[in-house]
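The sequence shown runs 610 to 679 under the working numbering. Beta carbons: idealized from backbone N, C-alpha and C, even for Gly. Predicted model, so just to flag it, every value in this text is computed and none were measured. Heads up, the thing below is written out as structure tokens.
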Amino acid sequence: MAEVISFQEGARSIRRRRQQDLSHRCADLVELNLRLALELYRAAPDDERAVRATQVRQLGELLEYVVRAS
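Structure representation (structure tokens):
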């Protein structure tokens, strides 16, 4: 037996699924940037390490925010 759903419920479901997909892709991109920032930190000269450490911290916080929001 088929279930009848309203158009609004169907549209809401599609939007929710799209939003979840976008959130996952966003988290993946932030994670990749965080990995790159860690590599750049490891390879950075001493006078550049503070700036790189700030980038790592900020990207870590951003990743935490994105993961919690999704």
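Is the Cβ-Cβ distance between A636 and V675 less than 8 Å? For the purposes of this step, residue 636 is taken as the residue at position 27 of the sequence shown. For the purposes of this step, residue 675 is taken as the residue at position 66 of the sequence shown. Yes, these two residues count as a Cβ contact at 8 Å.
Cβ neighbours of V639 in the same chain (closer than 8 Å, five flanking residues each side left out): Residue mapping note: residue 639 aligns to position 30 of the sequence shown, counting from 1. Here the set comprises L668, L671, L672 and V675.
Cβ of S679 within 8 Å of Cβ of S615? Reading the sequence shown from its first residue, position 70 is the one you call residue 679. Reading the sequence shown from its first residue, position 6 is the one you call residue 615. Going by C-beta atoms, S679 is not nearer than 8 Å to S615.
Would you please state the rounded distance, in angstroms, between the beta carbons of V660 and L643? I believe it to be under 8 Å. By 1-based counting over the sequence shown, the position of residue 660 is 51. By 1-based counting over the sequence shown, the position of residue 643 is 34. About 15 Å; that fails the 8 Å criterion.
Taking only runs that begin and end inside the stretch 611–656, name each unbroken alpha helix (DSSP H) of 4 or more residues, in chain order. 616–652
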